[in-house]
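Here the structure comes first, spelled out in structure tokens, and everything after it is commentary.
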Ligand SMILES: Cc1cc2nc3c(=O)[nH]c(=O)nc-3n(C[C@H](O)[C@H](O)[C@H](O)COP(=O)(O)OP(=O)(O)OC[C@H]3O[C@@H](n4cnc5c(N)ncnc54)[C@H](O)[C@@H]3O)c2cc1C
């Protein structure tokens with residue numbers, strides 16, 4: 001059977017997967033391959049990690065120790081390290097990462113390559129914690145780029161187009177505790193009238209809806225300080241909730257809720273490491289609009305509620321703080337993220353995506369690089385795409401990493 005991605009909606013077309021055991025082997029394999037693309041834990045929903053006509057390389061067997069430097073509050077890890085493996089080690093040494101995505105299962109290099117993010121109006125995407133990276137480029141050379149270097153802001157969110165990231169250094173913060181409180185049935189009027197206050201109500205806030213129900217199904221608050229006991233007319237949940245609670249999914253694979261304090265890495269992700277995250281049998285899309293357009297974007301999606309609801313398990317609203325990484329969804333300004341966990345009905349989902357994108361187009365919408373989308377990214381919505389293309393052409397002049405996805409969305 002062909003190798004498939006996590007969701008099983010894509011059989012990789014690459015000829016085979018190379019599995020080097022040492023850094024030298026990575027360099028030799030890259031230098032020898034005419035066409036190659038790095039592969040992480042395969043959690044993307046499109047062909048971003050594939051290379052039709054080339055090979056994939058998985059560096060998970062290259063042994064790289066986790067090196068914590070307590071003095072500079074940094075950690076250096078393999079690009080193939082998964083957040084869920086790293087987090088308990090950091091916590092044991094009194095450190096934390098400022099934020100995590102909804103699942104801890106993905107590799108660090110794969111996550112930051114696609115601009116993966118968590119939630120929190122004052123929390124940046126995961127790539128913002130990266131302060132240096134080591135990259136095997138098309139010629140087999142190992143290059144190091146660090147914060148402050150000219151190309152650094154273009155190199156972290158890289159859609160795998162610049163080379164194979166072998167090691168990364170991440171900035172750390174002191175370990176912290178988080179409590180999760182979930183509220184049922186937030187009135188839509190509360191979301192429209194008090195969006196800023198809701199976003200400010202906790203360290204990380206997620207809201208779940210199908211865009212058609214009478215109220216927002218869940219508001220999920222992850223607090224580092226005082227916990228809210230009320231939220232603009234929503235009811236405190238009487239038990240643990242799955243993000244797709246309204247669709248009937250049980251909360252067995254979810255991290256502990258009901259206000260029980262716990263370490264950051266056991267509360268910031270919605271899903272536990274040892275379990276299948278989310279629903280498993282699903283597809284995903286996600287769009288980003290400037291934070292100031294949040295409520296107008298909610299109106300637009302509510303207008304499509306009767307078309308979205310039959311296809312969606314749940315949709316998640318999050319906020320992301322601005323950063324300066326060229327291909328980051330939050331490059332240049334705070335964003336609201338509008339995520340969709342779809343039933344695995346790909347043809348119907350793909351027929352609806354252009355409609356959603358048209359409704360969000362007036363807000364300068366961007367799409368998550370690793371999820372399903374329809375539109376071609378333009379230099380209008382991604383102002384640094386041209387600079388990234390120039391960097392890519394310098395590091396990979398012969399197109400060794402220029403997979404069909406990279407050619408389609410970054411350019412030839
Ligand atoms: C259940 C579920 C929940 C999710 N939740 C979130 C969420 O909360 N927030 C969010 O933003 N996203 C989320 N995602 C999307 C996910 O974070 C991204 O798809 C992420 O990129 C997956 O990482 P991966 O290791 O599986 O990478 P892959 O899918 O294997 O690869 C992704 C990209 O990274 C590149 N890459 C991988 N390894 C390297 C390397 N060593 N060097 C260079 N490039 C490399 C690949 O070439 C490819 O371009 C979710 C996905 C799933 C399935």
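In UniProt numbering, the protein residues as written are 1 to 412. We put the CB at the ideal spot given by N, CA and C, even for glycine.
Under the three-pair Cβ rule at 8 Å, the stretch 199-218 does not count as touching the stretch 148-163. Per DSSP, the continuous alpha helix (DSSP H) segment holding residue 405 begins and ends at 404-409. If you ignore the 5 residues before and after residue 333, its C-beta comes within less than 6 Å of the C-beta of 290, 322, all in its own chain and listed in chain order. Counting only residues of its own chain and dropping the five nearest sequence neighbours on each side, residue 250 has a CB closer than 8 Å to the CB of 242. Assignment of residue 108 by DSSP, reduced to helix, strand and coil, places it in the helix class. Counting along the chain, no alpha helix (DSSP H) covers residue 412, and no H or E run does either. Assignment of beta-bridge partners to residue 59 by DSSP yields no partner. Distance from the Cα of residue 88 is smallest, within the candidate group 383, 37, 272, 229, for 272. Per DSSP, reduced to three states, the secondary structure at residue 47 is helical. Secondary structure remark: continuous beta strand (DSSP E) runs of at least 3 residues inside the stretch 260-307, in chain order: 283-290. By alpha-carbon distance to residue 270, the top candidate from 263, 280, 262, 256 is 256. Inter-segment contact for the stretch 349-361 and the stretch 385-393 is absent: fewer than three beta-carbon pairs are separated by less than 8 Å.
For residue 284, the shortest C-beta to heavy atom distance toward ligand 1 is below 7 Å. No heavy atom of ligand 1 is found nearer than 7 Å to the CB of residue 254. Judged by their CB atoms, residue 108 and residue 77 are nearer to each other than the 8 Å cut-off. Listed as beta-bridge partners of residue 147 by DSSP are no residues whatsoever. For residue 228, the CB stays at least 7 Å from every heavy atom of ligand 1. Bridge partners of residue 37 according to DSSP: 56. Put simply, the backbone Cα of residue 343 is about 6 Å away from that of residue 283. Short of 6 Å from the beta carbon of residue 173, and not among the five residues preceding or following it, lie these beta carbons of its own chain, in chain order: 96, 98. If one requires a minimum length of 3 residues, the beta strand (DSSP E) runs lying completely within the stretch 208-244 are 215-223, in chain order. By the Cβ test, the stretch 61-81 is in contact with the stretch 159-173, since at least three Cβ pairs between them sit closer than 8 Å. In terms of Cβ geometry, residue 79 and residue 403 do not form a close pair [threshold 8 Å]. Each of 384, 310, 262, 120 was checked against the Cα of residue 317, and the nearest Cα belongs to 120.
A distance criterion of 7 Å places the beta-carbon of residue 278 in contact range of ligand 1, judged by its closest non-hydrogen atom. Using a C-beta cut-off of 8 Å, the stretch 369-377 makes no contact with the stretch 291-300, since fewer than three inter-stretch Cβ pairs fall below that distance. The nearest non-hydrogen atom of ligand 1 is less than 7 Å from the C-beta of residue 6. Straight-line spacing of the CA atoms in residue 187 and residue 337 works out to 20 Å.
Here the alpha carbons of residue 380 and residue 112 stand approximately 22 Å from one another. Within a 10 Å sphere around the beta-carbon of residue 17 sit fewer than 16 other beta-carbons, which makes this residue exposed.
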